[in-house]
Structure formats: structure tokens, C-alpha cells
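The sequence shown begins at 0 in numbering that gives the first Met the number 0 and counts up one residue at a time. Note that CB positions come from ideal geometry on N, CA and C, so glycine has one too. Read the structure below first, then the notes.
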Amino acid sequence: MEFVILTGASRGLGAAMAERLLSPSRQLVCIARSPNESLAVHARASGARLDYRLHDLSDASVTAQLAHALGETLRAAAGVSRFVLINNAGVIEPIGRVESLAAAPLAVALQVNLAAAMLLTSAFLAATESSGAERRVLNVSSGAARYPVAGWSAYCSTKAALDMFTRCIVAEHAGRPNAPRVCSLAPGVIDTEMQVTIRAADQADFPPVERFRKLKADGALGSPAQVAERILAYLDRDDFGEREIDDIREH
Ligand code: NAP
Numbered sequence: 000m001e002f003v004i005l006t007g008a009s010r011g012l013g014a015a016m017a018e019r020l021l022s023p024s025r026q027l028v029c030i031a032r033s034p035n036e037s038l039a040v041h042a043r044a045s046g047a048r049l050d051y052r053l054h055d056l057s058d059a060s061v062t063a064q065l066a067h068a069l070g071e072t073l074r075a076a077a078g079v080s081r082f083v084l085i086n087n088a089g090v091i092e093p094i095g096r097v098e099s100l101a102a103a104p105l106a107v108a109l110q111v112n113l114a115a116a117m118l119l120t121s122a123f124l125a126a127t128e129s130s131g132a133e134r135r136v137l138n139v140s141s142g143a144a145r146y147p148v149a150g151w152s153a154y155c156s157t158k159a160a161l162d163m164f165t166r167c168i169v170a171e172h173a174g175r176p177n178a179p180r181v182c183s184l185a186p187g188v189i190d191t192e193m194q195v196t197i198r199a200a201d202q203a204d205f206p207p208v209e210r211f212r213k214l215k216a217d218g219a220l221g222s223p224a225q226v227a228e229r230i231l232a233y234l235d236r237d238d239f240g241e242r243e244i245d246d247i248r249e250h
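Structure representation (C-alpha cells):
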């Protein structure tokens with residue numbers, strides 16, 4: 000049996016991945032603040048094992064409790080051949096010039112895009128260390144982790160830090176038994192609510208906004224379903240983790 004934990008499963012890319020992960024032979028634990036009714040209906044209809052938990056990953060103490068609880072769940076899991084963690088939840092805001100950064104939205108971005116992923120990975124690796132099962136961690140990054148974007152200083156910085164965190168996991172586990180396979184993967188531009196937020200930004204806050212409006216107008220955005228399928232095929236590959244920083248558009 001495979002055991003998968005997926006954050007940000009209520010909509011967008013995460014919801015599309017969750018739909019594809021539903022299976023009677025897989026335990027799927029999903030995390031988001033909002034429910035996903037269609038996922039629950041499909042899980043019931045297909046006999047899939049879905050454990051959907053409502054949590055706010057922007058709250059550090061809630062995230063700490065969740066990490067602890069997930070650790071207990073993972074330790075109690077029996078007959079698991081592969082454990083997988085997909086850190087997908089993310090926020091694009093705050094969008095705006097560096098001069099406009101405010102403490103509260105900045106703290107949310109740091110917590111959701113970075114600290115929550117770090118803490119959940121920590122609990123995941125600790126709880127599965129002596130399981131003997133294979134372990135894989137997929138961090139959903141962004142092209143914006145790898146080049147600066149005006150107006151996205153919080154997003155670029157948190158995603159760049161997520162890339163570095165991924166590299167640190169690899170460095171720490173080099174040469175150790177049952178080292179996890181980890182990758183920080185940019186998914187390309189996808190037609191989700193995050194892109195709606197991006198296109199609605201004021202040009203003064205986000206100078207490249209027109210490029211994103213044109214991508215939508217030209218039909219150049221990936222569909223969540225197609226990107227989810229490609230990412231999950233990539234996650235399943237025998238060489239997953241050989242490239243710790245990657246971009247699905249290169250595959
Ligand atoms: P989305 O449509 O905005 O969905 C974001 C997901 O994250 C939702 O399920 C949301 O659930 C969850 N989330 C946000 N804040 C949360 C919180 N405080 N606690 C728990 N869950 C939270 O975004 P998306 O486009 O699918 O993005 C998915 C991932 O891909 C993100 O990491 C994003 O940075 C990355 N990405 C997206 C694009 C793109 O073009 N869309 C490009 C590059 C990278 P709730 O709101 O229900 O909590």
C-alpha cells in the first residue's frame with residue numbers, strides 16, 4: 000500500500016492531484032482550510048481511502064499540532080511500501096512593491112509557502128525513518144523561485160527558500176540508509192485561482208501583469224488535470240529525486 004499526504008487539496012493543482020490519487024490501494028491524507036465535496040463523493044464511490052483534514056497552515060501552532068498528529072498517523076500505518084508527502088499548498092500574496100510589505104500577509108506567505116512545508120517534512124521524515132519503506136517528498140515550487148519577479152518578492156523568496164530546503168534534505172541524507180527521494184518541482188503556469196489573483200493585480204503593484212493576462216487570453220495556461228497527471232507520473236518515476244530542483248516543463 001502507498002501512503003500519501005497532500006496539502007492544498009481543496010482546489011487547483013492540489014485538487015486535481017487528489018482526484019488522481021484516489022484509490023482503494025492508497026491511503027490519501029489531504030489538508031486544506033476548505034472541504035472538497037467532489038473529492039469526497041468520488042472517494043466514497045470508488046472505495047478510496049480518503050482522510051481529509053481541515054487545517055489552516057498559516058497558523059504556526061495549528062501546523063505544529065497537525066505535524067505531530069500526522070507523525071502519529073504515519074507511525075501507526077501498517078503494510079506501507081511507500082510513503083509520499085506532497086507540499087502543494089501555496090499563496091501568491093502579498094503582491095506589491097517591497098516598500099508595501101506588511102507584517103501579517105508576509106507572515107502568512109512565509110508560513111504557508113515555507114514553514115509549514117518544512118515542519119510537515121520534518122514530521123514526515125522522522126515518523127517514517129525506521130519504517131524501512133521507500134520515502135518520497137515533492138515540494139511544489141515555481142519558476143519564480145529561480146528568477147526575480149517585480150511585485151512578487153514574498154512569493155519568489157519563499158519558493159527559493161523551499162528549493163534550498165529541498166537541497167538541504169538531500170545534503171543531510173547523503174550516504175545514509177533509506178535516504179528519502181526529494182524534489183522541488185516547478186509546475187509551469189496553470190489555470191487556477193492563483194492565476195485569477197495574479198491577473199487581477201494592479202500594474203503598479205505587479206508590472207508584468209499584462210504578460211499573465213495575455214497567457215490566459217492566448218489559452219497558454221496548463222489545465223490542472225493535465226499538469227497533475229504529468230506531475231504524478233514524474234513522482235512515480237524510478238529516477239525521481241535524482242534532480243533535486245526540477246521543472247515539469249522540461250519533461
Ligand atoms: P490555488 O488554486 O490558489 O490553490 C491553493 C491551495 O493551497 C488550495 O487548496 C488552498 O486551500 C491551499 N492553501 C492556501 N492557503 C492555505 C492555508 N492557509 N492553509 C491550508 N491550505 C492552504 O493555487 P494553485 O495554482 O493550485 O497552486 C498550487 C501550488 O502550485 C502552489 O504551491 C503554487 O505556488 C504552485 N504554482 C502554481 C502556479 C500556477 O500558475 N497556478 C505556477 C507555479 C507554481 P484552502 O484555501 O482551502 O485552504
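query, result
"Using the DSSP secondary-structure output, state which residues sit across from Ser1 in a beta bridge.", "Per the sequence shown, residue 1 should be read as Glu rather than Ser. Paired residue(s): Arg25 and Arg81."
"Would you check if the distance between the CB atom of Leu119 and the CB atom of Asn86 is smaller than 8 angstroms?", "yes"
"Compare the Cα-Cα distances from Leu27 to each of Asn35, Ala17 and Glu36 and report the closest residue.", "Ala17"
"Run through DSSP, which three-state label would Asn138 get?", "strand"
"To the nearest angstrom, how far is it from the Cα of Asp252 to the Cα of Glu228?", "Absent from the structure is residue 252, since the part of the chain shown begins at 0 and ends at 250."
"DSSP has Gly221 in a bridge; who is on the other side?", "Ile189"
"For Asn86, does the three-state DSSP call read helix, strand or coil?", "strand"
"Taking 7 angstroms as the cut-off, is the beta-carbon of Gln225 closer than that to any non-hydrogen atom of ligand 1?", "no"
"Out of curiosity, what's the CA-to-CA distance linking Ala8 and Gln225?", "16 angstroms"
"Tell me which residues share the same chain as His250 and place their Cβ nearer than 8 angstroms to its Cβ, disregarding the 5 neighbours each side in the sequence.", "Arg229 and Tyr233"
"Short of 7 angstroms in beta carbon distance, which residues of its chain neighbour Ile94, apart from the five on each side in sequence? Order them along the chain.", "Gly150, Trp151, Ala200, Asp204 and Phe205"
"Residue range of the beta strand (DSSP E) that Tyr51 falls in?", "Arg48 to Leu53"
"Cβ of Ala173 versus every heavy atom of ligand 1: is any distance shorter than 7 angstroms?", "no"
"Comparing C-alpha positions only, which one of Ala173, Glu209 and Arg134 sits nearest to Met0?", "Arg134"
"Using three-state DSSP, classify Ser9 as helix, strand or coil.", "coil"
"Would you kindly report the start and end of the unbroken beta strand (DSSP E) that includes Asp245?", "Ile244 to Asp246"
"Pop quiz: Val181 and Ile197 are said to be a contact at Cβ under 8 angstroms. What is the actual Cβ separation, rounded to whole angstroms?", "So it is not a contact: roughly 27 angstroms between Cβ atoms."
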